[in-house]
Amino acid sequence: MTPTLAMHWMDSDRPATPRAGTPAARNHDALDAFLRGIERRALRIAELGVGHREEALDIVQDCMLTFVRNYRDKPAADWPPLFHRVLESRVLDFHRRHQVRSRWFGWIERLGGRDDDEDSLANIADARAPQPCQHVSDLETADALDIALRALPHRQRQAFLLRIWEGFDVADTARAMACSEGSVKTHLSRAMTALRARLEHHHG
Amino acid sequence: MAEHDEDPWTERIRQQLDNRARDLDAATLSRLNQSRQVALQAAAKPKPRPWLWPATLASAFSLALAVAIWPRLLPEPLPTPSAGTLPEDFSMLAGTENLELYEELDFYAWLDAQPLSG
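This is how it looks when you write it as structure tokens:
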């Protein structure tokens, strides 16, 4: 490879970053800071929504890409509810796909037509997954909180996490959840009641 | 939010959630970092312009239509006498009988104006 070609190859492999000091660079830095600040909580919210770390990572990646492509030019103050709107949409898409897959392929598994190559370890029940008869006091407090949150209906969990953890006001929560402010208040109230009942042994 | 901020129960819940997010393992953090870099690279590329496709298609269609219709809009070219018939026409025009016709044109015009009566 000639030096020129090598340099060209190196340039094409390098991440495309805008020139420093330009508006594009400022936007890039602001986006980087925003995504860096929100990514961990987004992952945890997605994980609580779908129940799997790997699925949650894929969802967050897709969410980041969609957010950046569609909303990067919006005012930075609007980014948090818009990001969570995309995240919420991706989590709901996951559940829809899962539902359709179960509807169409569930009968195959029931008839015993399961793939022989399937990893049998995957069928072992997750000890941390919420079980109807499992008592939360058997687990650590953090696990109990995860279990209690996962046991909530999706909309209640979203309202709780956005209002209490993300610190959104009612209007931003309603924007992120694409519902009315009254619905947010109802979902939050029910979520608080359910969580207090489930976690009274752990959180007083 | 104010009513929840003052609640120690929600504060403890928030603390637990923060701890869980803070203590993510290295592999997960690496995946998150990669996802962020991919998204930021996409941000550095020019934004796709959805209106450009219909505009391009409309322009291409208009151009194709113009090319198809243009020859029909041009006026038909006047027929030009073929080179082979020129001598015959010339001899016909120069014939003496035709000259007599042109000299008596006034008579033929009067004859044409007469009413048809038996």
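Chain order of the listed sequences is A and B. Each residue of the first sequence is one higher than the one before, counting from 1 in the numbering used here. Each residue of the second sequence is one higher than the one before, counting from 1001 in the numbering used here. C-beta: ideal position from N, C-alpha, C; glycine also.
Item                                                                                                                                                        : Value
Ordered along the chain, which non-local residues of its own chain (more than five positions away) have a Cβ less than 8 Å from that of ARG72 of chain A?   : ASN27 and LEU31
Thinking ALA191 of chain A and ALA159 of chain A are a contact (beta carbons under 8 Å), I'd like their distance in whole angstroms, please.                : 6 Å
Any C-beta of chain B within less than 8 Å: which residues of the region 59-87 of chain A qualify?                                                          : VAL60, GLN61, MET64, LEU65, PHE67, VAL68, ARG69, ARG72 and ASP73
Pick helix, strand or coil for THR173 of chain A, following the three-state DSSP scheme.                                                                    : helix
So, LEU82 of chain A versus ALA42 of chain A, is the Cβ gap smaller than 8 Å?                                                                               : no
From which residue to which residue does the alpha helix (DSSP H) around GLU166 of chain A run?                                                             : Counting along the chain, GLU166 of chain A falls outside any alpha helix (DSSP H), and DSSP gives it neither H nor E.
Can you tell me whether ILE209 of chain A is buried or exposed? The criterion is at least 16 other CB atoms within 10 Å of its CB, across all chains shown. : Examination of residue 209 of chain A is not possible in this model, given that chain A is present from 1 through 204 alone.
DSSP state of SER1199 of chain B, grouped into three classes?                                                                                               : An answer regarding residue 1199 of chain B cannot be provided, because it is not within the stretch 1001 to 1118 covered by chain B.
Among the candidates B:LEU1017, B:LEU1032 and B:ALA1043, whose CA atom is the shortest distance from the CA of THR141 of chain A?                           : B:LEU1017
Nearest chain B C-beta to ALA142 of chain A closer than 8 Å, yes or no?                                                                                     : yes
Beta-carbon separation of ARG1036 of chain B and GLU39 of chain A under 8 Å?                                                                                : yes
What distance in whole Å lies between the Cβ atoms of HIS187 of chain A and GLY49 of chain A, which are believed to be in contact at a cut-off of 8 Å?      : The Cβ separation is near 14 Å, so there is no contact.
Would you report the Cα separation of THR173 of chain A and SER183 of chain A, rounded to the nearest angstrom?                                             : 10 Å
Checking contacts by CB at 8 Å: is ILE164 of chain A closer than that to chain B?                                                                           : yes
Within 8 Å (strictly less), CB to CB, does VAL184 of chain A reach chain B?                                                                                 : no
Does DSSP put TRP1110 of chain B in a helix, a strand or coil?                                                                                              : helix
Taking Cβ to Cβ, would you say THR1028 of chain B is nearer than 8 Å to ARG53 of chain A?                                                                   : yes
Please classify ALA76 of chain A: does DSSP put it in a helix, a strand, or coil?                                                                           : helix
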